[in-house]
Every structure is written in structure tokens, then in C-alpha cells.
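To get this note's numbering, take the position in the sequence shown, counting from 1, and add 2. All C-beta atoms in this analysis are idealised placements derived from N, C-alpha and C, irrespective of residue type, glycine included. Heads up, the thing below is written out as C-alpha cells.
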Amino acid sequence: VQGIYVQASHVAVAVRGVVPMFQQVLPIKAVSAPASGATHSVPTSCHTRRDPVAATAVRMQGSYASLAWALAAGGTWNLCVGRSRRQRQRWIISRCSGTVEFSNGLAGYKTNFIGKSPPFSLAFAACCIPHPEKIDKGGEDGFFACPDSQSFGVADGVGGWARDGIDPGKFSRTVLQYAYEGIRKTPAGSSANLKDALGGAVKRILSDGMQGGTTVLLGQLNGSTLTVMNFGDSGVIVLRPALRTNGQRGSQPAFAPRTILRSNDQTHFFNCPYQVSSVNGNMEPPDVLQLFVEAGDLIIAGTDGVFDNLFDGQIRQIAAGTLGEAWIEGEQDIQPCLEIFAEQLAKAANSVGGSADAETPFVVSAREEGHDFKGGKLDDTTVVVAMVVPQSSGAVASQLTESVKGER
């Protein structure tokens, strides 16, 4: 079966050819949750600040004017200075609507990715760390990543079925395999209907009589359009490389990817996600999201073992630290960096999950629902990461024409 299906104690997989590449675990620094009550300042545009005219003019002519990502239109600072905040905002909007050319903040770097045009493809890497008590059976998560069909998916078997002697991992991986086979039936160059792929998988699993339950997330890139279907509490986040400063005069721009797409959990009530179930074939409608991607966009799909333990800001921080140079240095191969990033992300989530006092997204959600929960939520941790790259880019070592083959 083409694709990747995990059933190992700790596997990191690079998806780049016909042979799976298993990497050793790399030591990383633990990622701690932000301190309670900690805040981060968000710099505002210099066009909208209520500073004296002279100071604003100096900033506009000086440091801001030299940055590639600043709004670059002739006489901008002269027209903006001395007007009210609302007037300045209205002027900027009117100028951007038809006469100003936008410039990417990373355009000055020798990148192989930023600003490049379609056609695009996805470079994949993945990592799975089962719960310590589920290592013998490979955990209860499943995933696949297929360069040939430009598709990916993750599934999280519902652990409650284990009390009845049923292996949730077998159910989740079988549903995912059936969904993947449905995607592969789509003609090359066409976009698969991910809802139909999941519906077909559900019909087959019910016909088989297999018992269990699972959440499912599927995704596919077709041309410049990324489509993601989410059913349950797995998740996806898409990051786009960007530059930011701390807002101080003379400060240098720093690399800081920003979130451009984020899925939301589908739950009946707290910690009870929508799920494919052998008990009932009737399903709530899954969420289907679409996004026009750009070269350099980073797609992160994972089970709740990732997103229950890491805040989005922590994910961005790990991405910036691991992929920052690869994003902006054209001569660096992105593939090894993706492999390291997948491992670091999974290990960071797993580490936080074993903490007794960490502040986590799961703790925040529990508190909002009136529940008392402390610390991390140790679980199977599975992540598939994909970088949008130009098909002609030297960042991908080989043509992505054949998926990795592995055991389900």
C-alpha cells in the first residue's frame, strides 16, 4: 500500500522517494509553556501611531523606509503625517486597493522558495511517538503522507474501545487506509473529494464489521489550493514565513512565521470529539477548509497529542528555530530540516504531556468548561509536516513521483 502507516515505538519518516528513511532521535531542548499571566507586546504600524509629526516623519524616512516589508509608495510619510488615525488608515486602504505594489519581506534573501510561482509540490516529513503504555502495539494513531497524490492524513483511535478488548489503533489505521485508497482513485491532476473519501472509508469499515472509533483529518494540495477536511479533534495549522521587528527605532527585522490557517476542534462536549464509529454510521458533517498557498508555506497536521500540549505560539517558535535558515537560505536542502522539525515538535509535545504542572491548551479548555485539570495530557503524538515548494526547486532532492511504502 502506498503511503505511510505507523506501528512502531518511535518513528520519524522522511517522505522523499521510494525508500523510507528512519532517523535517530535528536536531542532537543524542552519547550516550556509560557508563564501564567505572561503577555507579548504586539507592535502596531507606524502609520497608525499617535506620535508627534516630527518623530513620525523621522521614523518613516529612516529605519522603516529601508525595510522591504514596509509600505513603499512615493511620498507616503508626507501624506500620512499630521492626519488623524482614521484618515491615515483610510488613505492606506485606498492606496493599497489599486496603486501600491506589495513586496514580500523575504524578497531580499536568496531563497529557493519565497516569491516563486506555481506549480507547487509538498515535501513531507512525519514523526509518531506512542503513549508509553501503548508502545508494544504501536500506539493508537495512524498517518500517511503521499508525494504522488500530494495528500496526507492523520487519525486518532478512540482509546475507550480498549476497555472492551478492541484495538483502537487497528481501527484508525484501517479507516485511514481506506480513505487514502479513495483519494488515490482520483485522476492525476484532479482534486479529490475528501468528504467522499472519508464516506467511502466509513462504508467499507462498517461492511467489514470492524469495531472501534477514530477521528480523521485529510488534506491534499492541488495546484495552489490546499484542501483540508477535519473530523474530530485532530488539527492543522499553516504557517507563512514573515519578518517582524520589536517596534523600536533601529531594531532589525527578525524571522517570525505567522499563522494563516488554523482548524478548530469538533466536539460533542469537553474531550468528546466527533468520531467515525462502528456503532453508528450517521455522522455530523466534517469541516472542509481551503487555502491558496504560497511557496514556503508550512503545513502542520497532528493528532490531539500535539495540539493539546503545545500552544500555537510554541509551534511557531519551534518552526522558526528549526526552519528559519532553510526558509531564507537558497542553498540549504529543506528535507533534513523538515525531518528535524517533525521530531522536535513531536518530542516537545510529548515532553509537555508528561509534565505535572504545565499550562497547556488542554488545561485552558478544561478551565473554560468548568473542569479542574492540571499539567500536560500524555497521549500518542503524531505529526505530519509539509513544506510548499516549487516543483523545480533544488530543495527537494528527487522528483516526488512515488510515495514511501510502509506497513500498515
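For residue i, which of the options has the nearest alpha-carbon?
| i | options | result |
| --- | --- | --- |
| residue 389 | 135, 120 and 124 | 124 |
| residue 121 | 224, 259 and 337 | 224 |
| residue 178 | 202, 364, 167 and 316 | 202 |
| residue 194 | 221, 226, 336 and 335 | 221 |
| residue 358 | 288, 377, 260 and 284 | 377 |
| residue 128 | 242, 304 and 176 | 304 |
| residue 147 | 163, 130 and 135 | 130 |
| residue 324 | 292, 366, 243 and 288 | 243 |
| residue 284 | 153, 205 and 162 | 205 |
| residue 164 | 360, 135, 188 and 341 | 135 |
| residue 241 | 375, 326, 368 and 335 | 326 |
| residue 292 | 337, 196, 353 and 335 | 196 |
Any idea which residues DSSP pairs residue i with across the strands?
| i | result |
| --- | --- |
| residue 256 | 246 |
| residue 291 | 230 |
| residue 264 | 239 |
| residue 275 | 269 |
Using beta-carbon positions only, say whether residue i and residue j come within less than 8 Å of one another.
| i | j | result |
| --- | --- | --- |
| residue 320 | residue 343 | yes |
| residue 351 | residue 312 | yes |
| residue 160 | residue 170 | yes |
| residue 115 | residue 386 | no |
| residue 157 | residue 174 | yes |
| residue 290 | residue 215 | no |
| residue 132 | residue 141 | yes |
| residue 355 | residue 383 | yes |
| residue 314 | residue 262 | no |
| residue 381 | residue 267 | no |
| residue 200 | residue 181 | yes |
| residue 184 | residue 166 | no |
| residue 417 | residue 269 | Nothing can be reported for residue 417, as the shown portion of the chain is limited to 3 through 410. |
| residue 371 | residue 272 | yes |
| residue 379 | residue 362 | yes |
| residue 247 | residue 233 | no |
| residue 228 | residue 155 | no |
| residue 392 | residue 297 | yes |
| residue 280 | residue 212 | yes |
| residue 317 | residue 301 | no |
| residue 322 | residue 275 | no |
| residue 1 | residue 253 | Residue 1 falls outside the range modelled here, since the chain spans only 3 to 410, and no answer is possible. |
| residue 186 | residue 151 | yes |
Secondary structure at residue i, three-state DSSP: helix, strand or coil?
| i | result |
| --- | --- |
| residue 352 | helix |
| residue 372 | coil |
| residue 1 | Because the chain is modelled from 3 through 410, residue 1 falls outside the range shown and cannot be assessed. |
| residue 390 | strand |
| residue 385 | strand |
| residue 364 | helix |
| residue 338 | helix |
| residue 115 | coil |
| residue 66 | With a pLDDT of 31 at residue 66, under the threshold of 50, the modelled position of that residue is not reliable, and the figure given next carries that caveat. Residue 66 falls in the helix class under three-state DSSP. |
| residue 343 | helix |
| residue 123 | strand |
| residue 59 | Because the pLDDT at residue 59 is just 38, under 50, the model does not fix this residue reliably, and the value given afterwards should be weighed accordingly. Residue 59: helix per DSSP, three-state reduction. |
Going residue by residue through the region 125-198, where are the continuous beta strand (DSSP E) segments of at least 3 residues, counting only ones entirely within it? 143-148 and 153-159
Which ranges would you report for the alpha helix (DSSP H) in the region 297-331 if only whole runs of at least 4 residues count? 306-309 and 314-330
Enumerate, from N- to C-terminal direction, the unbroken alpha helix (DSSP H) stretches of 4 or more residues contained entirely within the region 200-248. none
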